[in-house]
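First up is the structure itself, then whatever we jot down about it.
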Amino acid sequence: MKTRPSAIHRAGIWFPRDTEAPQLVWAPIKTYDGGGSDGGDEYYPAFESFLGSTDRPLLYTIPITRNERRGVNLPHYISVYYRDWDEFPNRSSHHAVGICHGMTSVLGQWNGDLVAISGREYAAPFDTLDVTLADFRHVLDYFSTHGDQTVRETPTATSVQAVRISCELERKLRGHEVFSEVSVQNRFWGSSTRSPLAEMLGVPLRIYTSDRENIEYGAADLLDDVLGGGLHNVYATVLDTSLDSSRESWGKSSKVFEGEVIILGDNGEELSLDVVAHLCRYCVEVLQPLFRRAISGEISRDDVLKEISPQKLAAWSPSHVSHDEMAQPAVDFSFVVGGTVEDSPQLTDGPV
C-alpha cells in the first residue's frame, strides 16, 4: 500500500458488492468533538467511498471476537461495517470464501458493501490497528460459519451433537428415523423456540428450524399422495405446548412445526438421543392426552401439572423402546391455537 494518508487512517479490507476481489484500503477514523452522550468525543469511520453516501446514515457493525471454524478466541476485535439498507448480495465475500479449500460460499448471506477493520466498533484511531492477513482469514472463516445450518451425519472438529426429529414424509422419502443423532456447527444458527414444557420436565431445550428447507415443500401434497406421509412434526409441536395459566393458549401449541427440526440444549449444549426421545414420547403419549382432557373439562389443570415433573418423566417406561420402531403419532390439531377439534383427527394414546 501507499504511504498512510494521515494519522487517523487505518488499513482495512473492503469487500465490494459487485466485484470478485476484496481490496486493501485506507479507512479514515474521524473524531466528532463532544458528540457523545456524556459530552465526550465520538469516533466514526468515514466510509462513504466504500459503503455509499451519508444520505443513508444507518451504519451497522458485525463484531468478530472468535473464530468458530478453528475454535480460537481472537486477541482483538475485528469490526465489519455495513449499511443495512442494501439488499444486493456481496459478490466479493462470496467469491473469497468459495475459493478457500474446504469452505462453503455464502452468496446471499451478506448484502451490500462491507469493510473490515481491526478494533472495536466506533473506536478512536489510537485504539484501531491496521488489518492483517490473519484478520482477513478470520473474517473469511466467520463468513463461512455464520448462519451455517448444515446438518451432518458425522461430526467435525467444530461441531456438536444434536438430535434431529423428522416428520413422517422425511422418514419415507429419505429413510430417516423419527429421532436420530446428527452433528451441527457449534453455535448452530437458525430460528429457535424455547420449550417451557421441556424445562418443567428438567430438560431445558430449544427447537431449531432451518431456513434452508430439506424437502421441496411445494410438492408436499404430491409426495403425501404417493408416499402417504405428512409434513407435520408432531413431537416438535407438542414440545411447544404453553404452560401460561393466564392465557387461553394454556395446553396448546402456538404453531405447527413441519419437516425436520433440530434439538439442542437451551444454551446450545448437546443433548443425548435417548434423553430427547424419552422426553418427546412422554409428552405425546402421556401429557398430550391429559392436556386434551383438561381443555375439555374432564379433569383439572392441577391433575395435569402433577404429571409434569422430572421424577414422573424418569419413572415412566414407554411401551416401545426401539428407535427403529418409533413412528409419528396421529396428528391432533386441536392443540394448535386456531385449530378446531371437530375437524381434527384424534390422537391415540400411543404411536400409530
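In short: position in the sequence shown from 1, add 767, done, that's our numbering. All C-beta atoms, glycine included, are put in the ideal place defined by N, C-alpha and C.
| Query | Result |
| --- | --- |
| Beta-carbon gap between residue 867 and residue 816 smaller than 9 angstroms | no |
| Cβ-Cβ distance between residue 909 and residue 1030 below 9 angstroms | no |
| Reduced DSSP secondary structure (H/G/I, E/B, other) of residue 912 | helix |
| Residue 1008 versus residue 878: straight-line alpha-carbon distance, rounded | 37 angstroms |
| Collapsed DSSP secondary structure at residue 782 in the structure displayed | strand |
| Nearest neighbour of residue 843, chosen from 1042, 1041, 1083 and 888 [CA to CA] | 888 |
| Cα-Cα separation, residue 779 to residue 808 | 22 angstroms |
| Beta strand (DSSP E) runs wholly inside the region 1022-1049, at least 3 long, in chain order | 1028-1032 |
| Residue 797: first and last residue of the uninterrupted beta strand (DSSP E) it sits in | 790-799 |
| Three-way DSSP call (helix, strand, coil) for residue 1010 in this model | coil |
| Counterpart residues of residue 831 in DSSP-defined beta bridges | 845 |
| Host beta strand (DSSP E) of residue 884 (start-end) | 881-885 |
| Residue 913 versus residue 952: straight-line alpha-carbon distance, rounded | 9 angstroms |
| Under 9 angstroms between C-beta atoms of residue 898 and residue 777 | yes |
| Residue 1081, buried or exposed, once every other Cβ within 10 Å from all chains shown has been counted against 16 | exposed |
| C-alpha distance - residue 791 paired with residue 781, whole-angstrom precision | 6 angstroms |
| 7 angstroms Cβ shell around residue 775 - same chain, five flanking residues per side excluded | 795, 796, 797 and 892 |
| Residue closest to residue 900, alpha-carbon to alpha-carbon, out of 785, 972 and 884 | 884 |
| Residue 958 - DSSP class collapsed to helix/strand/coil | strand |
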